[in-house]
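Chains A and B, in that order, give the protein sequences. Note that the numbering used here has the first sequence beginning at 486, numbered continuously upward. Note that the numbering used here has the second sequence beginning at 486, numbered continuously upward. The beta-carbon is built from N, C-alpha and C at its ideal position, and this holds for glycine as well.
There are 2 protein chains.
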Amino acid sequence: MIRILLAEDQHLIRGALLALIGLEPDMEVVADLDNGDDIVPTALRLLPDVAVLDIELPGTDGLTAAATLRQELPETKVLILTGLGHPGHLSRALEAQVGGFMRKNAPSEELADALRRVAKGQRFLDPALVETALKAGANPLTEREADVLRAAAEGGTTTDIGNALFLSPATVRNYLSNAISKLDARNRIDAIRIAQQSGWI
Amino acid sequence: MIRILLAEDQHLIRGALLALIGLEPDMEVVADLDNGDDIVPTALRLLPDVAVLDIELPGTDGLTAAATLRQELPETKVLILTGLGHPGHLSRALEAQVGGFMRKNAPSEELADALRRVAKGQRFLDPALVETALKAGANPLTEREADVLRAAAEGGTTTDIGNALFLSPATVRNYLSNAISKLDARNRIDAIRIAQQSGWI
DNA sequence: CAGCGGCAGTGACAGATGTCATCAATCGCC
DNA sequence: GGCGATTGATGACATCTGTCACTGCCGCTG
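Next comes the structure, spelled out in structure tokens:
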């Protein structure tokens with residue numbers, strides 16, 4: 486029997502996933518959560534075989550929780566289950582050494598298959614997303630450039646960003662200029678859009 | 486027996502919803518689609534009691550399909566089922582006179598309840614979203630202002646936007662300035678963010 | 001029919017943005 | 001120790017953006 490922890494904030498989807506997994510005779514959902522902060526404590530208590538984590542969660546996001554689980558409880562495998570699947574998310578998931586990564590638009594029979602493979606310690610990665618991620622390449626931004634771009638996405642002026650990150654406005658403009666150039670964007674709006682679509686910020 | 490048409494592009498979610506509805510003895514899914522373009526033709530052929538439509542779909546989006554269904558097939562009720570639920574989406578759904586509007590983070594028992602009510606011709610609206618929509622108020626932007634803002638979100642310069650919409654760059658700036666002022670934003674980035682979060686563009 | 005609001009445009013101006021050259025401190029790495 | 005990358009900063013410059021005033025043309029609506 487594969488014991489599963491399920492973290493998904495959209496209740497309806499979680500209920501539906503419960504129904505779906507309930508159809509498999511060799512699987513059992515031992516916990517279903519709607520908050521990322523509960524993942525690690527619950528896993529430590531129940532020691533599930535596989536944790537199915539959404540990325541967009543209230544509290545700790547799924548990728549961060551996956552990295553923590555890897556440290557604290559290497560026996561529990563992680564299957565990341567995400568909606569859109571930005572290429573950058575796959576990279577971050579691989580860094581956290583997750584067992585699997587699938588998108589919600591995969592065929593529904595594939596979930597049970599993926600769960601069994603991940604439980605056995607095998608890898609399961611969404612092939613379409615791997616292709617996109619390889620094409621998009623690695624994140625070209627430095628940490629600071631990503632920080633500045635993230636702050637710029639809030640809509641503030643260069644000065645606002647500088648105040649938020651304790652940087653001189655001129656320095657902010659340099660980082661933004663670098664990011665715009667690296668992303669081959671036309672201006673900061675374009676850069677923000679590209680970085681968000683690639684999952685880099 | 487309530488006959489249901491289901492349109493949801495994320496296969497996994499669709500399979501899970503099928504499993505969930507399959508648990509109800511008085512309901513039957515007669516069609517499940519992953520493309521918005523198929524909704525109206527399929528509904529005309531099968532005459533379902535309720536169409537459950539996601540908003541974000543490949544091809545025709547769920548709200549547009551809902552409006553068409555209302556015209557072509559008033560007997561079939563529509564239940565919009567969406568992930569994030571921007572307030573503006575609710576307004577558009579009400580204009581299309583949908584039977585129900587619920588978010589995917591509603592409790593899963595609520596889906597069957599909502600389906601039964603909508604099938605009977607009653608209304609079912611997500612209460613939390615109604616509250617947010619009332620607080621946000623109506624879309625303050627004119628059609629042209631929204632067009633320009635949408636184009637600006639692509640990341641182009643004022644001139645690019647002007648070329649795309651066949652407007653003088655100066656006119657584009659005037660519309661953007663109006664939009665920024667109406668949305669109480671600090672610049673176009675802020676305006677784009679606010680309008681997107683409210684579902685106005 | 002007068003008035004209002006949306007649409008489209010022009011010109012002017014201050015301020016924000018994007019680019020570039022240049023400098024300096026720090027850190028990892030060969 | 002030297003090299004390159006990253007971080008942080010300054011100054012100068014051209015360009016883009018946001019704002020304002022003002023004009024004209026529709027299409028409603030009271």
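- The alpha-carbon separation between Arg555 of chain A and Gln495 of chain A amounts to approximately 25 Å.
- For Thr642 of chain B, the chain A residues whose C-beta falls within less than 7 Å of its own C-beta are Arg671 and Asn672, listed in chain order.
- Along the region 491 to 508 of chain B, the positions whose C-beta sits under 8 Å from a C-beta of chain A are Asp494, Gln495, His496, Leu497, Ile498, Arg499, Gly500, Ala501, Leu502, Leu503, Ala504, Leu505, Gly507 and Leu508, read in chain order.
- Among the bridge pairs identified by DSSP, Ile487 of chain A is matched with A:Met512.
- In this structure, the straight-line span from the alpha carbon of Asp517 of chain B to that of Leu668 of chain A is close to 39 Å.
- Closest in alpha carbon position to Leu491 of chain A, among A:Pro526, A:Asp539 and A:Pro510, is A:Asp539.
- Taking the CA atoms as reference points, Asp598 of chain A sits about 25 Å from Leu529 of chain A.
- In the three-state reduction of the DSSP assignment, Val583 of chain A falls in the coil class, being assigned neither a helical nor a strand state.
- When 9 Å is used as the limit between beta carbons, Gly568 of chain B is near these residues of chain A: Gln495, Ile498 and Gly568, in chain order.
- Three or more Cβ pairs drawn from the region 564 to 583 of chain A and the region 533 to 549 of chain A lie within less than 8 Å of each other, which places the two stretches in contact.
- Residue pairing for Thr567 of chain A: DSSP places it in a beta bridge opposite A:Arg588.
- For the region 513 to 527 of chain B, the residues whose beta carbon sits under 9 Å from a beta carbon of chain A are, in order, Asp519.
- Sequence-distant Cβ neighbours of Asn624 of chain B in its own chain, meaning closer than 8 Å and more than five residues away, are Gly573, Ser576, Ala631, Ser683 and Trp685.
- In this structure, the beta-carbon distance from Pro533 of chain B to Arg499 of chain B does not fall below 8 Å.
- With the criterion set as a beta carbon lying under 9 Å from some beta carbon of chain A, the members of the region 575 to 604 of chain B are Met587, Arg588, Lys589, Asn590, Ala591, Pro592, Ser593, Glu594, Glu595 and Leu596, in sequence order.
- With contacts defined by Cβ atoms closer than 8 Å, Ile665 of chain B and Arg658 of chain B do not form a contacting pair.
- Note on geometry: alpha-carbon atoms of Glu628 of chain A and Arg635 of chain A lie some 11 Å from one another.
- At least 8 Å separates the beta-carbon of Ser662 of chain B from that of Ala501 of chain A.
- Sorting B:Leu505, B:Glu493 and B:His571 by C-alpha distance to the C-alpha of Asp522 of chain B places B:Glu493 at the top.
- The beta carbon of Pro654 of chain B sits closer than 6 Å to those of Thr643, Thr644 and Gly647, all from its chain and outside the five residues before and after it, given in chain order.
- Listed as beta-bridge partners of Val535 of chain A by DSSP are A:Ile489 and A:Lys562.
- Using beta-carbon distances, Asp611 of chain B does not count as an interface residue toward chain A, since no partner is under 8 Å.
- The beta carbon of Asn520 of chain A sits closer than 6 Å to the beta carbons of Pro543 and Gly544 from its chain, once the five residues preceding and following it are set aside; these are given in chain order.
- Inside the region 601 to 644 of chain A, DSSP marks whole alpha helix (DSSP H) runs of 4 or more residues at positions 612 to 621 and 628 to 637, from first to last along the chain.
- Under the DSSP definition of a beta bridge, Asp517 of chain B partners with B:Leu491.
- In the three-state DSSP reduction, Ile506 of chain A falls in the helix class (H, G or I).
- The Cβ-Cβ distance between Met486 of chain B and Glu513 of chain B falls below 8 Å.
- Burial is judged here by how many other beta carbons sit within 10 angstroms of a residue's own beta carbon; Gly570 of chain A has at least 16 and is buried.
- At a C-beta separation below 8 Å, Arg678 of chain A has these neighbours in chain B: Ala638, Glu639 and Gly640.
- If you look at Asp669 of chain A, you'll find it isn't in any alpha helix (DSSP H); DSSP assigns it neither H nor E.
- In the three-state DSSP reduction, Pro543 of chain A falls in the coil class, being neither helix nor strand.
- Secondary structure of Ile679 of chain B (DSSP, three-state): helix.
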